[in-house]
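A.B. asks: Protein chains in written order, with my numbering: chain A, 1 to 119; chain B, 1001 to 1104; chain C, 2001 to 2276.
Glycine included, every Cβ here is placed at the ideal spot set by N, Cα and C.
I am attaching a structure below and will ask some questions about it afterwards.
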Amino acid sequence: MIRKTAVIAFLAPIIMFGSVLSGVATADEAMIEKGKEVAFDRKKGNCLACHMIDDGSLPGNQGPPLISMKARFPDKAKLRAQIYNPLERNPNSFMPPFGLHNILSDGDIDAIVEYIYTL
Amino acid sequence: MLKKISKIFIPAIAVLSLSGCASLSASEEFTAAWDAADAARKDAAAVGYEWRDTGKILGKAKAAADEGDMENAMKLVAKAQEQSADAMVQQKRESELWKTRVPQ
Amino acid sequence: MKKVIVTLVALMTATVWIGTQASPETDRAAFEKFFTQKFPNTPTADFVNGVYSIHAPSRAQWEEIEEFPPYELSIDAGKTEWNKAFANGKTYADCFENEGAVRGSYPYWDSDRKEVITLELAVNECRTANGEEPLKYSKGKMADISAYMSYQSRGQEINVVIPDDADAMAAYDRGKEFFYSKRGQLNFSCFDCHGGGAGSMVRADTLSPAYGHTSHFPVYRSKWGGMGTLHRRFGGCNKQVRAKPFKSQSPIYRELEYFLTYMNNGLVYNGPGARK
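Below you can see the structure in the form of structure tokens.
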């Protein structure tokens, strides 16, 4: 009588590996994709209005280009904080307080952070 | 016979009137919350800081309540209330900060 | 020794106090300096051309447009309105001298009424004083009449005089505070985009400098597909930062116009204008 847990433990890695091979997005990839969508959406992040980002067209240049993000924000939490409320670092910042003013939901901000962190 | 009927009807009436009371208080709760959120909106307007969408959100809340979707209605009222609260904080913050930006 | 220290402290305090007693004229000089330093290749007088004074590619396009300006129809319509008599037989010429070339006299502080009077406000007061219905302030006939009067007034110097009146100063200060205060869910001040952000791009649009802003209104704005007054643009900008706009010709917008026009003192009226 094979234990259920043993079967799961045996099959799980095969299933996960299989899902990657079959092209099903992992949780991370899905989030990154969502993050790019929200960032580029004019009615949501609209980040291209002020930042050069990746392959985005007609980027603005009020803010710095979003490149080398891991180097610029070694602490991911600090990147999230900057998007949530840029006024903490600089009360005169041009950047809208996306979290503080509920411009974006927490979920949207989390997704954007995952995307931006890949740049 | 009467006893049997009353055994069904009296509890039934009780349940009906109780549930009637319950929905009355839900809409009373909504009205109270909506009125408070609208008052907050007016406070923000009085200092010139009302946000663009707050009134619209309150309108949507009323529409949701009229359709009986109380959960959504209360969510929208809370959203509107938060907008006015954030606007008041913004006004206080700016009443000091604006001077620091004037070119010298 | 104590006397020396006390005197020194008193002198220092006095210096700081004088430094912080900014007058409108010191404000204006600092405002002009901010923009002329930011855009050193733009001659001061050219700032009345807004974004075209700081962005060569769009200037070339604009100069072409100015050969057949889109606001010409509006000037013609405004002239027709100007010449039409009211029901009581009077005309706008009975309210405004110089065939309408009076833009240089507005906005001004009315010490009796204790408010800022703008050109558009005065046009409607002329109408109602003569038994006519007031016009809406943002576009349509009012924009046409304003376009005609602005065209007549081209070349007049911008010279707002703030009378020696505490209420007038308070109005100027309210306009000034409005200009520099962040507002709306997006938390932008006018100065964010048109001061520090002037010359930068928002997507494909270049932000215009606030210096010279009120010289060329009303404008034909391509985005509107028609004419609009200065207060129409104020409202639009407020909406864009997700702040609830104020009504055209509301006191705060008139005070903002008062402050902004003062900042343009010394420049020249060149309206009506054409913009994106």
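(1) Between C:Ile2065 and C:Ala2274, how many whole angstroms is the CB-CB distance? I'm expecting something under 8 angstroms.
(2) Taking 9 angstroms as the threshold (C-beta atoms), are C:Ile2158 and C:Thr2118 in contact?
(3) Of the choices C:Pro2245, C:Ser2023, C:Trp2082, C:Phe2188, whose alpha-carbon is the least far from that of C:Ala2147?
(4) Helix, strand or coil: how does DSSP classify C:Trp2109 here?
(5) If I'm right that A:Tyr84 touches A:Phe98 with Cβ under 8 angstroms, what's the distance once you round it to whole angstroms?
(6) At the level of alpha carbons, what is the spacing between C:Val2219 and A:Leu100?
(7) List the residues of chain A that C:Asp2192 touches, going by C-beta distances under 7 angstroms, in chain order.
(8) Are the C-beta atoms of C:Ala2274 and some chain B residue less than 9 angstroms apart?
(9) For chain B, find out if any of its Cβ atoms is closer than 9 angstroms to the Cβ of C:Phe2259; answer yes or no.
(10) In terms of residues, what are the limits of the alpha helix (DSSP H) holding B:Glu1082?
(11) So for C:Arg2201, helix, strand or coil by DSSP?
(12) Give every residue of the same chain whose Cβ lies closer than 7 angstroms to the Cβ of A:Lys34, excluding the five residues on either side of it in the sequence, and list them in chain order.
(13) Can you look up C:Leu2260 in the DSSP assignment and give me helix, strand or coil?
(14) To the nearest angstrom, how far is it from the Cα of C:Leu2256 to the Cα of C:Leu2121?
(15) So, is the C-beta of C:Asp2034 closer than 9 angstroms to a C-beta in chain B?
(16) With a threshold of 16 other CB atoms inside 10 Å of the CB of C:Lys2135, please say whether the residue is buried or exposed.
(17) Counting only beta-carbon separations shorter than 9 angstroms, does C:Glu2177 have a partner in chain B?
(18) Can you name, in chain order, every residue of its own chain whose Cβ lies under 7 angstroms from the Cβ of C:Leu2207, other than the five neighbours on each side?
(19) Note down, in chain order, each residue of its chain lying with its Cβ closer than 7 angstroms to the Cβ of C:Trp2017, except the 5 sequence neighbours on either side.
(20) Taking only beta-carbon positions, decide if C:Pro2069 is within less than 9 angstroms of chain B.
(21) Can you name, in chain order, every residue of its own chain whose Cβ lies under 6 angstroms from the Cβ of C:Lys2114, other than the five neighbours on each side?
(22) Could you please give the first and the last residue of the uninterrupted beta strand (DSSP E) stretch that includes C:Ile2117?
(23) Are C:Ala2045 and C:Val2241 closer than 9 angstroms when you measure CB to CB?
(24) Grouping DSSP H, G and I as helix and E and B as strand, with all else coil, what is C:Trp2082?
(25) Terminal residues of the continuous alpha helix (DSSP H) containing C:Ala2029?
(26) Could you give the DSSP three-state label for C:Gly2278: helix, strand or coil?
(27) Which residue from C:Gly2226, C:Met2001, C:Ala2170, C:Pro2024 puts its Cα closest to that of C:Thr2261?
C.D. replies: Taking the structure as given:
(1) In this structure C:Ile2065 touches C:Ala2274 by the C-beta definition: roughly 6 angstroms separates them, less than 8 angstroms.
(2) The answer is no: Cβ separation not under 9 angstroms.
(3) Out of C:Pro2245, C:Ser2023, C:Trp2082, C:Phe2188, C:Trp2082 has the C-alpha closest to the C-alpha of C:Ala2147.
(4) DSSP places C:Trp2109 in strand when its eight states are reduced to three.
(5) The pair is a contact, with the Cβ atoms about 6 angstroms apart (cut-off 8 angstroms).
(6) Going from the Cα of C:Val2219 to the Cα of A:Leu100 covers about 36 angstroms.
(7) What C:Asp2192 touches in chain A: Phe94.
(8) So no, C:Ala2274 is outside the interface.
(9) With 9 angstroms as the cut-off, C:Phe2259 does not count as an interface residue toward chain B.
(10) From DSSP, the alpha helix (DSSP H) with B:Glu1082 extends over 1070-1097.
(11) Reading off the sequence shown, one finds Met at residue 2201 of chain C, where the question assumed Arg. Reduced to three states, the DSSP call for C:Met2201 is strand.
(12) Once the five neighbours on either side are set aside, the close Cβ partners of A:Lys34 are Ala111.
(13) Helix at C:Leu2260.
(14) The alpha-carbon atoms of C:Leu2256 and C:Leu2121 are separated by roughly 14 angstroms.
(15) Per the sequence shown, residue 2034 of chain C should be read as Phe rather than Asp. Interface residue, yes.
(16) The displayed chain sequence assigns Leu, not Lys, to residue 2135 of chain C. Residue burial is scored here from C-beta neighbours: C:Leu2135 has at least 16 other C-beta atoms within 10 angstroms and is therefore classed as buried.
(17) Taking 9 angstroms as the CB threshold, C:Glu2177 lines the interface with chain B.
(18) Here the set comprises Cys2193, His2194, Gly2197, Ala2198, Gly2199, Ser2200.
(19) With a pLDDT of only 48 at C:Trp2017, under the threshold of 50, the placement of this residue in the model should not be trusted, and no figure is reported.
(20) Chain B contact via Cβ: absent.
(21) Sequence-distant Cβ neighbours of C:Lys2114 in its own chain, meaning closer than 6 angstroms and more than five residues away, are Asp2167.
(22) Looking at the DSSP string, the run of the beta strand (DSSP E) that includes C:Ile2117 is 2115-2117.
(23) It is not a contact, given that the beta carbons lie outside the stated cut-off.
(24) Helix.
(25) First-last of the alpha helix (DSSP H) with C:Ala2029: 2024-2038.
(26) Lying outside 2001 to 2276, the shown extent of chain C, residue 2278 of chain C is not represented and no answer is given.
(27) Comparing Cα positions, the closest option is C:Pro2024.
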